[in-house]
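S.K.: Quick one: the structure is below, questions incoming.
Numbering (UniProt numbering), first residue to last: 1 to 432.
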């Protein structure tokens, strides 16, 4: 009875009191008294919840619409800057992220697009039935949290390859599905409100620890600032979620509705923070972040030590060959020329005008031996400058691949040898 009293008072509906076999309702004027039957009372409560669900669906539509719009806008922005960077525009090159990061934005855009289309259609026809189901409302909430976790898990991967993205998606899916299953089990078991609240808070606390750890101990990628910004963004969302859960438990529906609205709108800007984080990670792989300077100094002071493996080792490689480094934004791969056991060769364009041959290595992991191999090959190619030797343009780091860029020659060695047999004489391989 207390619950219904609070609900109806929020809607400016009469407040009922039980007296014998009838319900006495106090309207807005305290002295005016009417009598309502239980059926009328239930009908009024249903009308209230229907109105609240309709408003909530509109809020969800706006929220996921913002997330979807931001994701698609960023994808268009990145594509346009990439096409400009191919022409040699250094300013545009600084605005793009690694091509291997783009699928992550497509995942976020696809997920938020599905939610947006559903709520847009449901709001237009006033379809509110699923919103009354607990596990469905939890699914709506977990859709936003999937975005948080897929990025957090992706940063913990040792590489930025497509399998790494798939692993991150699986981890994020498992984390977000567990609360949905838990809510469903609580519904089937008809658990009390207090029990459901305790279980939900426990699961939220586990989720929160991911971002507390990111805030306190950032990984050796991207930048400390952007990681902490993203962690704080997620923690504000979880703190707001806890506040409105407490308000609902206390039957303070007016304030809880405002907190829900603010929380949903806050979470809508997740793609922006994801973009900042991935852009910082791109600078990390370029060797231009703050950590790159630390690695460079560390390498200079310890010339005799073994090279650092994984991401740190790649930074050492970048610093050793900085003068021969080609920005990935200036290199465009066009078609496969050959496939080998350890690398593929592509025809490409450098600065959208120079035809080049690109030898692309995609190791399963960047190990100590891999770094040493590329260091030696790049150093050798740089030293060999001769008219009869293929010109080496430089090395391009585009995780998860490492590319060596050469002059594009007409034909192959086999073609050259065949043509030489048909000629009366053969030009020497050394200058006259």
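Built from N, CA and C at the ideal position, the CB exists for glycine as well. This structure is a prediction, so every number in the text was calculated from the model and none was measured.
#1: Should residue 268 be labelled buried (16 or more other beta-carbon atoms within 10 Å of its own) or exposed?
#2: Which stretch, first to last residue, makes up the beta strand (DSSP E) that contains residue 406?
#3: Let me check understanding here. Comparing Cα to Cα, which of 352, 403, 175 and 161 lies closest to residue 89?
#4: How is the beta strand (DSSP E) around residue 237 delimited, first residue to last?
#5: Just the Cα atoms here: how many angstroms apart are residue 258 and residue 155?
#6: Less than 8 Å between the C-beta atoms of residue 395 and residue 325, yes or no?
#7: For residue 282, which option in 327, 211, 110 and 228 has the closest C-alpha, if you only look at C-alpha atoms?
#8: Among 116, 404, 108 and 70, which has the Cα closest to the Cα of residue 356?
#9: Compute the Euclidean distance between the alpha carbons of residue 392 and residue 221, then round it to the nearest angstrom.
#10: Going straight from the alpha carbon of residue 295 to that of residue 214, what length do you get?
#11: Rounding to the nearest angstrom, what Cα-Cα distance links residue 153 and residue 38 in this structure?
#12: Hey, out of 101, 80, 225 and 244, whose CA is closest to residue 91's CA?
#13: Going by beta carbon distance, what residues of the same chain come within less than 6 Å of residue 149, once the five residues before and after it are set aside?
#14: Looking only at C-alpha atoms, which of 273, 280, 271 and 208 sits nearest to residue 241?
#15: Decide if residue 192 is buried, meaning its Cβ has at least 16 other Cβ atoms within 10 Å, or exposed.
#16: How long is the line joining the alpha carbons of residue 111 and residue 389, rounded to whole angstroms?
#17: Can you look up residue 133 in the DSSP assignment and give me helix, strand or coil?
#18: Which one or two residues does DSSP pair with residue 394 in a beta bridge?
#19: How long is the line joining the alpha carbons of residue 71 and residue 196, rounded to whole angstroms?
#20: Is residue 100 closer than 8 Å to residue 400 when the C-beta atoms are compared?
M.R.: Short version:
#1: Numbered from its first residue, the chain shown carries residue 268 at position 268. Buried, since its Cβ has 16 or more Cβ neighbours within 10 Å.
#2: Reading the chain shown from its first residue, position 406 is the one you call residue 406. Looking at the DSSP string, the run of the beta strand (DSSP E) that includes residue 406 is 401-407.
#3: In the chain shown, residue 89 corresponds to position 89, counting from 1. Comparing Cα positions, the closest option is 352.
#4: Translated into the one-based positions of the chain shown, residue 237 becomes position 237. Per DSSP, residue 237 belongs to no beta strand (DSSP E); it is in the alpha helix (DSSP H), 224-249.
#5: Sequence index remark: in the chain shown, residue 258 carries index 258 (1-based). Sequence index remark: in the chain shown, residue 155 carries index 155 (1-based). Taking the straight line joining both Cα atoms gives about 33 Å.
#6: Counting from 1 along the chain shown, the entry for residue 395 is found at position 395. Counting from 1 along the chain shown, the entry for residue 325 is found at position 325. Yes; because the gap between Cβ atoms is below 8 Å, this pair is in contact.
#7: Mapped onto the chain shown, residue 282 falls at position 282. Per the Cα distances, 327.
#8: Working through the chain shown from its first residue, we reach residue 356 at position 356. Comparing Cα positions, the closest option is 404.
#9: As a first step, residue 392 must be located in the chain shown, where it is residue number 392. As a first step, residue 221 must be located in the chain shown, where it is residue number 221. So the two alpha carbons sit approximately 30 Å from each other.
#10: Here residue 295 corresponds to residue number 295 of the chain shown, with the count starting at 1. Here residue 214 corresponds to residue number 214 of the chain shown, with the count starting at 1. Residue placement at residue 295 is flagged as unreliable, the pLDDT there being 44, under the threshold of 50; the coordinate-derived value follows with that caveat. Each residue's alpha carbon lies about 21 Å from the other.
#11: The sequence position of residue 153 within the chain shown is 153, counting from 1. The sequence position of residue 38 within the chain shown is 38, counting from 1. Their Cα atoms are separated by approximately 52 Å.
#12: Position 91 of the chain shown, counting from 1, holds the residue named residue 91. The option with the nearest alpha carbon to residue 91 is 80.
#13: Within the chain shown, residue 149 is the residue found at index 149, counting from 1. Only 172 and 175 meet the Cβ criterion.
#14: Locating residue 241 in the chain shown gives position 241, counting from the first residue. Taking only the C-alpha atoms, the option nearest residue 241 is 208.
#15: Here residue 192 refers to the residue found at position 192 of the chain shown. It is exposed - the Cβ of residue 192 has fewer than 16 other Cβ atoms within 10 Å.
#16: Taking the chain shown and counting its residues from 1, the one referred to as residue 111 is at position 111. Taking the chain shown and counting its residues from 1, the one referred to as residue 389 is at position 389. Approximately 50 Å, taken between the alpha carbons.
#17: Residue numbering aside, residue 133 sits at position 133 when the chain shown is read from its first letter. Of the three classes helix, strand and coil, the one that applies to residue 133 here is coil, per DSSP.
#18: As a first step, residue 394 must be located in the chain shown, where it is residue number 394. Paired residue(s): 405.
#19: Numbered from its first residue, the chain shown carries residue 71 at position 71. Numbered from its first residue, the chain shown carries residue 196 at position 196. Using only the alpha carbons, I get a separation of about 34 Å.
#20: Here residue 400 corresponds to residue number 400 of the chain shown, with the count starting at 1. Here residue 100 corresponds to residue number 100 of the chain shown, with the count starting at 1. In this structure, residue 100 lies closer than 8 Å to residue 400 by Cβ.
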